[in-house]
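Data first, discussion second: the structure below is written as structure tokens.
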Ligand SMILES: Cc1cc2nc3c(=O)[nH]c(=O)nc-3n(C[C@H](O)[C@H](O)[C@H](O)COP(=O)(O)OP(=O)(O)OC[C@H]3O[C@@H](n4cnc5c(N)ncnc54)[C@H](O)[C@@H]3O)c2cc1C
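Residue numbers (the numbering used here): 5 to 396.
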């Protein structure tokens, strides 16, 4: 059996490892020329995430590159603290840089997977015994199954399930993050400053304090953005944050030298189906919410379940996809319904900002939120999948 996975982010390489455990080889096609390196720290929490990372053989390696960061201070224009969120609030139990996570999964998957960087799927045609895939760079090949792990703006979802506007709801915000030399000596506890509808934050990289990272969030109507057009993204950020005080003018200046940036709309995917024929969606392509907090955890759990169900069904994709969808709907679906990261990070009015600040300054609220997300993260019963190899 051979799978084609679109996307070498987090869920794609995790799936390549999980399939390899069951003897299923994978080809991973990634539109970027190399693994993407932007983004902030991401975290795993609860027993389920940790047991899946152990099964995939990456937990120890991830622990070795933990950031131990995650604490956050909200300040006013003069740097006076409004509230402070503890490490475990934003950092979960194992926090790593997204780029380290993607790299470690990728390296681990190389034993069972081949990668095609700088390419993409241009066409999918399902036949009786496979899916014929036309690659943008010209070649055509047939695979047994095709998995779209290509993120919120999934190409596979568009090709197999319909246009993005039918699947992605804009939640009224954009997010951007980029690295800069830490010339101003920012500390590892990220500091954030808000005005209604806008948030700017900056903190030193825990593992490389000579580098700092920003996280900017701002309100904005849906626009047709070319996600590869860096110049346009920089212009949108500069316009949105014009006139904002604190460290913002300095941070905006550093944009000039940036050549890799995480930029996206804050959106929620609503896909009525995650599988069709021999094609399935995984990770953000299926259930993403930008900065929803559990994207990486649900991505790796979904990869483990999808591969495990294929092994359990001895490679019968119909049975496996149905079981995968059933299990993941209640797990990932429950989490994503409640997530509203924009309103949480950059409340839209002075009254809502005051309300958020007041709530987050309360220790009981902080504890309740940590307990709630940890409970949701572990709220799935994972079967012990067979270890036999699947033959095609
Ligand atoms: C550069 C980047 C930085 C991120 N940083 C953060 C962060 O700091 N915090 C956070 O919570 N979440 C972040 N995310 C989202 C987070 O990675 C996901 O929520 C989660 O890990 C699920 O991962 P995924 O593999 O489904 O999607 P993603 O991690 O988004 O990976 C999707 C991959 O598919 C690739 N792709 C897109 N289109 C195509 C195509 N046509 N053909 C082939 N490949 C394609 C993308 O280049 C990307 O490598 C980031 C995503 C990206 C792409």
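Beta carbons: idealized from backbone N, C-alpha and C, even for Gly.
Distance between residue j and residue i (C-alpha atoms, nearest Å)
i	j	result
residue 152	residue 105	19 Å
residue 315	residue 289	23 Å
residue 231	residue 182	15 Å
residue 388	residue 89	37 Å
residue 339	residue 380	7 Å
residue 171	residue 82	42 Å
residue 219	residue 167	29 Å
residue 69	residue 250	32 Å
residue 348	residue 47	18 Å
residue 67	residue 131	44 Å
residue 252	residue 295	21 Å
residue 65	residue 247	43 Å
residue 325	residue 277	11 Å
residue 396	residue 115	Reliability fails at residue 396, whose pLDDT of 48 lies under 50, so the model's placement of it is uncertain and no value is given.
residue 40	residue 107	9 Å
residue 328	residue 56	15 Å
residue 212	residue 240	29 Å
residue 31	residue 366	49 Å
residue 243	residue 202	12 Å
residue 371	residue 237	36 Å
residue 235	residue 129	35 Å
residue 142	residue 359	55 Å
residue 335	residue 227	31 Å
residue 45	residue 162	29 Å
Beta carbon of residue i nearer than 8 Å to that of residue j
i	j	result
residue 15	residue 303	yes
residue 397	residue 124	Outside the shown range of the chain (5 to 396) lies residue 397, about which nothing can therefore be said.
residue 109	residue 21	yes
residue 137	residue 285	no
residue 77	residue 195	yes
residue 134	residue 148	yes
residue 256	residue 267	no
residue 43	residue 103	yes
residue 52	residue 310	no
residue 214	residue 346	no
residue 197	residue 216	no
residue 58	residue 99	no
residue 165	residue 280	yes
Sequence-distant residues of its chain with Cβ nearer than 7 Å to residue i (five each side left out)
i	result
residue 173	271, 272, 274
residue 200	351, 352, 353, 354, 357
residue 160	10, 125, 150, 152, 154, 283, 285, 289
residue 144	136, 137, 138
residue 258	184
Proximal residues to residue i (C-beta, below 8 Å), its chain only, five neighbours per side dropped
i	result
residue 155	11, 13, 287, 288, 289, 292
residue 38	121
Close-in-space but distant-in-sequence residues of the same chain around residue i (CB under 6 Å, 5 per side omitted)
i	result
residue 307	15, 18, 19, 22
residue 224	178
residue 382	50, 51, 52
residue 262	182
residue 6	29, 147, 148
residue 222	178, 202, 244
residue 321	149, 282
Any non-hydrogen atom of ligand 3 within 7 Å of residue i CB
i	result
residue 34	Because ligand 3 does not appear in the structure shown, any question about it cannot be addressed here, the ligands present being ligand 1.
Task: Every unbroken beta strand (DSSP E) inside the region 205 to 241 [3 residues or more] - done: 212 to 223
Task: Whole beta strand (DSSP E) elements within the region 148 to 184, 3-residue minimum - done: 149 to 152, 172 to 181
- [ ] Run through the region 283 to 357 for me and flag every whole alpha helix (DSSP H) of 4 or more residues, listed as ranges in chain order.
- [x] 288 to 291, 299 to 316, 321 to 342, 345 to 349
Open item on the list: List, from N- to C-terminal side, the beta strand (DSSP E) runs of 3 residues or more that fit wholly inside the region 104 to 137.
Closed with: 117 to 121, 125 to 131
Open item on the list: Extract the residue ranges of the beta strand (DSSP E) inside the region 5 to 89, only unbroken runs of 3 or more that lie entirely within it.
Closed with: Secondary structure within the region 5 to 89: the beta strand (DSSP E) runs of 3 or more consecutive residues, fully enclosed, are 6 to 10, 29 to 34, 45 to 48, 76 to 79, 85 to 89 (chain order).
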